[in-house]
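Encoded as C-alpha cells, the structure appears first; notes follow it.
Numbering (our numbering), first residue to last: 360 to 822.
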C-alpha cells in the first residue's frame with residue numbers, strides 16, 4: 360500500500376524537474392481536454408439534432424457560468440497552494456485540517472452558487488442582449504446546469520487536494536468515467552427523449568454527481584494526513600484565511616475575466632444568432648488549447664508551492680522557466696493542428712455554411728496568437744505559488760479586462776463587426792504577458808531577499 364501511495368504521489372521537492380512536470384501536467388491536460396471533449400459532445404449533439412438555436416443557447420453560456428463559479432474555483436486554487444506548502448513543510452496536522460476545511464468550503468460554495476445561479480440566470484441573459492430566439496432555451500439550460508454546482512465544487516476542490524500531492528491521474532479517471540456517462544446520457548436525452556438543451560443539462564448534472572462521488576471515495580480511502588473523514592468536516596479559521604488570501608484574488612481575477620467575456624458576448628449577441636453559434640463552435644478549440652496551457656500553469660502552482668514550503672527557491676525558478684517553455688510550445692503545436700483542420704474541425708459542431716464561416720474567422724484571429732497568453736498564465740501561477748496572488752490579479756484586471764472593456768465600449772461601436780471585436784484578444788494577451796514578466800522579476804527579488812531568509816529561521820522549514 361505504501362509503495363502504491365508513493366507511486367501516485369510524486370516528490371516534487373527533489374530529483375529531475377522536467378519529467379515530473381510532464382508526468383504531472385499531461386494527465387491534467389488530458390483531464391481538462393477530455394472534459395472539454397465531453398462538453399463539445401454536448402454542443403455537437405444539440406447542434407446536429409436540435410438545430411443552430413439550441414447550439415447557440417448551450418454554447419453561449421460559458422461566460423455566465425464562469426462569472427458565478429470562478430470565485431470559488433479560485434478558492435480551490437488557494438487550497439491547492441496551501442496544502443502543497445504544508446506538504447513541503449511536512450506539517451501533517453495542518454494538511455489534515457486543510458483537507459477537511461477545503462471539502463466543507465466546497466459543499467457550502469456549491470450550494471451558494473446553485474441558489475444564486477437559479478435566481479439570476481434570466482436577468483443576466485437579458486442584460487447580455489441574448490437574442491430572443493435563444494433566450495428561453497438558454498434559461499432552461501442554465502437553471503438545470505446550476506443544480507449540479509455542489510457536486511462540481513466538490514470535484515474541483517477534491518481534485519485540487521489530489522494535485523497538491525502530485526497526483527493528477529485519479530482526477531483524470533474521474534473525468535473519464537463521468538464524461539463517458541455524460542455522452543451516453545446526452546445521446547439518450549436529446550435524440551431519444553427529444554429534450555434538446557434540457558437533456559444536455561441533465562446529462563451534465565449526472566456526470567458531475569459521478570465525478571464528485573469518485574473523488575470523495577479516493578480521499579476517504581487515502582492514507583496519511585490527506586485522508587478525508589466526513590465526520591471530521593469542519594472549517595479551521597486560520598487555514599481558511601490562508602486559503603482565502605491566495606484563492607480570493609485568483610477567484611476575483613476569474614470573475615473579472617468572466618465579466619469582460621460577458622461584455623464581449625453581449626457585443627457578439629448584437630451580430631445575430633449565426634455569429635453567436637459560429638463563435639461558440641470555434642471557442643471550443645480555444646478551450647482545448649487553454650486547458651493544455653493551464654495544465655502547465657497548475658503544475659507551476661503546485662511545484663512552486665511545495666518547493667517554496669521546503670525553502671528551495673532556486674528550484675522554484677527552474678520550475679517556472681520549464682513550465683513557461685512547455686506552456687508555450689505544446690499549446691502552439693495544438694493550435695497549429697486545429698488551424699490546419701479548419702473547416703473539417705468545425706463540421707464536428709455544425710454543418711451550416713454561415714456558422715462555419717464565422718467559426719473560421721475566430722480561429723484565425725484567436726488560435727494564431729494564443730501562444731502570447733502563455734507567460735500571462737504561467738507567471739501568474741508561479742507568483743501564486745510563492746504567496747503573491749493579489750498582484751497578478753490586479754495586472755490581469757488592468758491589462759486584459761480593463762483594455763477589453765475599453766475596446767468593446769469605445770472602438771467596437773464605431774464600426775461593429777466580428778473581426779473588430781476579436782482583435783482585442785491577442786493585443787491584451789501580449790500586453791498582460793509583458794506586465795506579468797516584469798512583476799515576476801520583482802517578486803523573485805523580493806522573495807529571495809526577504810521571504811526565504813525568514814523561512815530559514817522557522818522550525819517548520821528545513822533548507
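Glycine included, every Cβ here is placed at the ideal spot set by N, Cα and C.
Give the straight-line distance between the Cα atoms of residue i and residue j, rounded to the nearest whole angstrom.
{"i": "residue 761", "j": "residue 557", "result": "35 angstroms"}
{"i": "residue 819", "j": "residue 702", "result": "Note that residue 819 scores 41 on pLDDT, short of 50, meaning its location in the model is unreliable and no value can be drawn from it."}
{"i": "residue 383", "j": "residue 658", "result": "7 angstroms"}
{"i": "residue 715", "j": "residue 807", "result": "51 angstroms"}
{"i": "residue 574", "j": "residue 380", "result": "22 angstroms"}
{"i": "residue 753", "j": "residue 611", "result": "9 angstroms"}
{"i": "residue 692", "j": "residue 652", "result": "11 angstroms"}
{"i": "residue 580", "j": "residue 634", "result": "48 angstroms"}
{"i": "residue 454", "j": "residue 523", "result": "10 angstroms"}
{"i": "residue 497", "j": "residue 704", "result": "25 angstroms"}
{"i": "residue 639", "j": "residue 665", "result": "38 angstroms"}
{"i": "residue 782", "j": "residue 775", "result": "12 angstroms"}
{"i": "residue 668", "j": "residue 674", "result": "11 angstroms"}
{"i": "residue 751", "j": "residue 772", "result": "30 angstroms"}
{"i": "residue 503", "j": "residue 560", "result": "6 angstroms"}
{"i": "residue 799", "j": "residue 650", "result": "22 angstroms"}
{"i": "residue 711", "j": "residue 404", "result": "14 angstroms"}
{"i": "residue 512", "j": "residue 470", "result": "9 angstroms"}
{"i": "residue 604", "j": "residue 546", "result": "43 angstroms"}
{"i": "residue 602", "j": "residue 543", "result": "37 angstroms"}
{"i": "residue 614", "j": "residue 370", "result": "33 angstroms"}
{"i": "residue 519", "j": "residue 440", "result": "9 angstroms"}
{"i": "residue 473", "j": "residue 389", "result": "28 angstroms"}
{"i": "residue 466", "j": "residue 748", "result": "24 angstroms"}
{"i": "residue 585", "j": "residue 768", "result": "48 angstroms"}
{"i": "residue 318", "j": "residue 391", "result": "Within the shown structure, residues of the chain are numbered from 360 to 822, placing residue 318 beyond reach of any answer."}
Identify whether residue i lies in helix, strand or coil by the three-state DSSP scheme.
{"i": "residue 737", "result": "helix"}
{"i": "residue 473", "result": "helix"}
{"i": "residue 663", "result": "helix"}
{"i": "residue 685", "result": "helix"}
{"i": "residue 699", "result": "helix"}
{"i": "residue 552", "result": "coil"}
{"i": "residue 371", "result": "coil"}
{"i": "residue 721", "result": "helix"}
{"i": "residue 487", "result": "coil"}
{"i": "residue 482", "result": "helix"}
{"i": "residue 774", "result": "coil"}
{"i": "residue 676", "result": "helix"}
{"i": "residue 524", "result": "coil"}
{"i": "residue 669", "result": "coil"}
{"i": "residue 449", "result": "coil"}
{"i": "residue 806", "result": "helix"}
{"i": "residue 455", "result": "helix"}
{"i": "residue 619", "result": "helix"}
{"i": "residue 747", "result": "coil"}
{"i": "residue 592", "result": "coil"}
{"i": "residue 782", "result": "coil"}
{"i": "residue 500", "result": "helix"}
{"i": "residue 633", "result": "helix"}
{"i": "residue 693", "result": "helix"}
In chain order, what residues of the same chain have a beta carbon less than 8 angstroms from the beta carbon of residue i, not counting five sequence neighbours either side?
{"i": "residue 616", "result": "425, 429, 755, 759, 760"}
{"i": "residue 698", "result": "722, 723, 726, 727"}
Within its chain, find whatever has a CB closer than 6 angstroms to the CB of residue i; leave out the 5 residues flanking it on each side and keep chain order.
{"i": "residue 436", "result": "606, 609"}
{"i": "residue 566", "result": "537, 540, 541"}
{"i": "residue 378", "result": "none"}
{"i": "residue 641", "result": "718, 721, 722"}
{"i": "residue 481", "result": "498"}
{"i": "residue 902", "result": "What the structure shows of the chain is the stretch from 360 to 822, and residue 902 is not part of that stretch, so it cannot be assessed."}
{"i": "residue 794", "result": "754, 758"}
{"i": "residue 686", "result": "652, 655, 733, 737"}
{"i": "residue 338", "result": "Here the chain comprises residues numbered 360 to 822, so residue 338 is not present and cannot be evaluated."}
{"i": "residue 662", "result": "371, 678"}
{"i": "residue 507", "result": "564, 567"}
With a threshold of 7 angstroms on Cβ separation, who are the neighbours of residue i within its own chain once the five nearest residues in sequence on each side are excluded?
{"i": "residue 360", "result": "Low confidence applies to residue 360: its pLDDT is 39, below 50, so where it sits in the model is not reliable enough to give any reading."}
{"i": "residue 796", "result": "734, 738"}
{"i": "residue 787", "result": "758, 759, 762, 763"}
{"i": "residue 766", "result": "783"}
Is there a C-beta anywhere in chain D that falls below 8 angstroms from the one on residue i?
{"i": "residue 684", "result": "Absent here is chain D; the protein component of the structure consists of one chain."}
Under the criterion of a Cβ to heavy atom distance below 7 angstroms, does residue i qualify as lining the ligand FAD?
{"i": "residue 584", "result": "In the structure on display, the ligand FAD does not appear, and there are no ligands present to speak of."}
Does the segment 425-440 come into contact with the segment 549-558, if we say contact requires no fewer than three beta-carbon pairs (one atom in each stretch) closer than 8 angstroms?
no
Inter-stretch contact at 8 angstroms, needing at least 3 Cβ pairs: the segment 640-660 / the segment 713-732
yes
Tell me whether the segment 581-594 and the segment 529-546 touch, counting them as touching only if at least three CB pairs, one residue from each stretch, are closer than 8 angstroms.
no
Pairs of beta-carbons, one from the segment 473-490 and one from the segment 437-457, closer than 8 angstroms: are there three or more?
no
Below 8 angstroms, how does it come out for the segment 678-692 and the segment 460-467: are there three or more Cβ pairs, yes or no?
no
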